[in-house]
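If you're matching positions, the sequence shown starts at 4 in my numbering and goes up one per residue. Where is the CB? At the ideal position from N, CA and C, for every residue including glycine. Note that this is a predicted model, so its numbers are computed, not measured. Okay, structure first, notes after.
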Amino acid sequence: MVKESFVDKEQNKVRLLTVCQACKGKKLYKFINFGPMPKPNIYQTREEVIQHGQISYQLDANLCMNCGLVQLGEIIPSSELFADNYAYRTPDAMKFDFRNGAHETIDISKIPEGSKVLEIGSNVGLCLKEYKRLGMKVIGVDPATKYAKQANKAGIKTLIEPFTPVLASEIVKKMGKMDIVTAANVLQHIPDIRGTIEGIATLLAPKGVFTLEFPYLGNILTNTDFDTFYAEHYYYLSLKPLQRMFEDFGLTIVHAKHLPDIHCGSMRIFVKHAPSKMSLVAKEILKHEEEQGFYDPNKFAAFRVKVNDIMYQIHEHLHIAKMRGERIVAHGSSAKFVTLTNYGHIGSDMIEYVADSTIAKHGKVTPGMGIPVVSEDRLIKDAPDLIFNGIRNFYQQNKSKYGEIKRKNPKTKILIPIPEVEYK
């Protein structure tokens with residue numbers, strides 16, 4: 004059983020990837036290069052950008068030809084990405100997903116009230132609030148100081164530090180093992196993926212359940228979700244490489260569930276200590292990955308071609324709207340929006356502003372391209388001709404808002420950029 008972590012011990016340095024972070028394989032296929040990219044969730048005022056500048060990092064993605072893990076080619080330390088001015092806050096729109104996930108996990112684990120639940124990457128504690136509401140004892144772990152403090156103030160005990168095997172051992176000594184460990188859209192954010200799984204194996208009670216939710220590689224490839232690639236997402240996950248890593252630490256996937264409406268297509272998996280049986284559904288997904296060529300470099304080469312075709316379409320549509328004199332703004336200054344605008348060199352000369360619900364971003368500019376960020380109220384007030392949707396993964400949740408804008412300006416169009424340009 005291999006229990007080694009392959010992450011450089013100098014955690015404060017940017018590292019160029021030379022081996023796979025899952026299996027240490029040396030054959031990595033670089034299938035796309037996005038060029039220099041800023042940190043996607045660090046927001047500054049225009050004056051701060053002029054005074055201090057912005058650091059960019061190379062963004063490219065690689066397929067391990069040995070185990071199939073997709074990973075970035077340059078690893079930025081978490082301490083640089085999740086600083087005090089980190090601006091991502093878990094959207095309220097995720098409450099329904101968290102509620103479903105909590106109920107499903109408790110049902111699978113069959114644990115009683117008063118059982119212990121730990122969340123990795125708990126942010127402001129939205130997910131843990133659902134478990135607490137169901138009678139569980141909860142604790143969160145998150146290195147993002149600002150939001151972890153908010154969670155503590157709201158009564159969700161949160162440790163403000165990165166999750167590591169050492170921390171996992173300390174928690175076990177002080178609190179005992181956990182009946183449920185959960186991580187929603189966070190494993191891909193942790194550089195030491197093997198160390199994280201080692202820590203989970205340490206934390207998990209003998210009959211406990213680890214539930215993991217993540218944007219699924221299958222949907223990324225099928226829908227050409229290239230805006231999902233950014234510095235905080237070190238990994239792009241699928242079942243085959245995950246199962247291989249879990250087995251290294253005495254764990255196994257027991258069930259998997261596709262979530263097509265979460266983040267443009269996610270997977271929720273349930274993991275237990277071995278020996279545990281894998282469900283027929285999970286086996287079928289693994290088989291499907293192989294049959295669909297998930298680990299074939301030709302599939303990734305075709306992905307790159309589609310990405311460039313979509314960027315061409317986006318530029319064409321925006322330029323036509325500009326020539327017509329239409330007022331163009333954006334909705335949702337997400338990390339996806341930052342990747343798309345930087346890769347496409349789309350700035351404030353094309354998009355007047357981006358409206359966002361996160362107060363911490365207001366009065367600042369988007370990383371890299373410097374598009375002003377304003378309150379969502381401005382979007383409704385202005386009712387512009389063209390709204391570039393920067394949070395397409397939350398389109399359904401914003402339909403009523405768009406309806407209100409269209410009642411004010413019947414000519415308003417919502418541009419959805421991916422998987423192909425369309426208007427709503």
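- The C-alpha of A171 lies about 25 Å from the C-alpha of A234.
- If you draw a straight line from the Cα of S378 to the Cα of H192, it is about 27 Å long.
- Under the three-state reduction of DSSP, L240 is assigned to strand.
- A direct Cα-Cα distance of roughly 7 Å separates T199 from F166.
- Secondary structure of H334 (DSSP, three-state): strand.
- In the structure shown, V341 falls within a helical segment according to DSSP collapsed to helix, strand and coil.
- Beta-bridge annotation (DSSP): Y60 is paired with M40.
- DSSP places L206 in the uninterrupted alpha helix (DSSP H) bounded by I196 to L206.
- Straight-line spacing of the CA atoms in I123 and L190 works out to 8 Å.
- If you check the CB distance, V127 and Y134 do not come in under 9 Å.
- DSSP places H348 outside both helix and strand once states are collapsed to three, so it counts as coil.
- Scanning the region 237-322 for uninterrupted beta strand (DSSP E) segments of 3 residues or longer gives 254-262 and 269-276, listed from N- to C-terminal end.
- Looking at the DSSP output, N65 shares a beta bridge with K33 and Q74.
- Under DSSP, A186 forms a beta bridge with L215.
- In the DSSP assignment, M181 is bridged to L207.
- With 16 or more other CB atoms across the displayed protein chains lying within 10 angstroms of its CB, Y219 is buried.
- The way I'd put it, the region 169-187 does touch the region 206-219; three or more beta-carbon pairs between them come closer than 8 Å.
- H236 is classed as buried because its beta carbon has at least 16 other beta carbons within 10 Å across all chains shown.
- A Cβ-Cβ contact shorter than 9 Å links Q47 with P370.
- Residue environment: P375 is assigned as buried (16 or more neighbouring CB atoms within 10 Å of its CB, all protein chains considered).
- Annotation: the continuous alpha helix (DSSP H) that includes I109 extends over K98 to S112.
- In this structure N65 is not in contact with K16, their Cβ atoms being roughly 19 Å apart against a cut-off of 8 Å.
- DSSP assignment within the region 363-423 yields the following whole beta strand (DSSP E) runs of 3 residues or more, N-terminal first: 376-378, 389-392 and 416-419.
- Boundaries of the alpha helix (DSSP H) around E133: L129 to R136.
- Remark: three or more beta-carbon pairs, one from each stretch, lie closer than 8 Å, so the region 18-32 and the region 68-79 are flagged as touching.
- With fewer than three CB-CB distances shorter than 8 Å, the region 253-270 does not count as touching the region 151-170.
- Here the region 327-335 lies against the region 386-399, with 3 or more beta-carbon pairs under 8 Å apart.
- When DSSP states are grouped into helix, strand and coil, E355 belongs to the coil group.
- In the three-state scheme derived from DSSP, where H, G and I count as helix and E and B as strand, K152 is classed as helix.
- The beta carbon of L382 lies closer than 8 Å to those of V332, H334, A358, I390, K404 and I408 in the same chain, with the five residues before and after it left out.
- Note: I163 is not bridge-paired with any residue in the DSSP secondary-structure output.
- Contact between the region 220-231 and the region 54-63 is not established, with fewer than three Cβ pairs separated by less than 8 Å.
- The three-state secondary structure of L121, taken from DSSP, is strand.
- When the five nearest sequence neighbours on each side are left out, the beta carbons in the same chain lying within less than 7 Å of the beta carbon of K309 are those of T227, in order along the chain.
- When DSSP states are grouped into helix, strand and coil, G143 belongs to the strand group.
- One Cα belongs to L62, the other to F232, and the distance between them is close to 8 Å.
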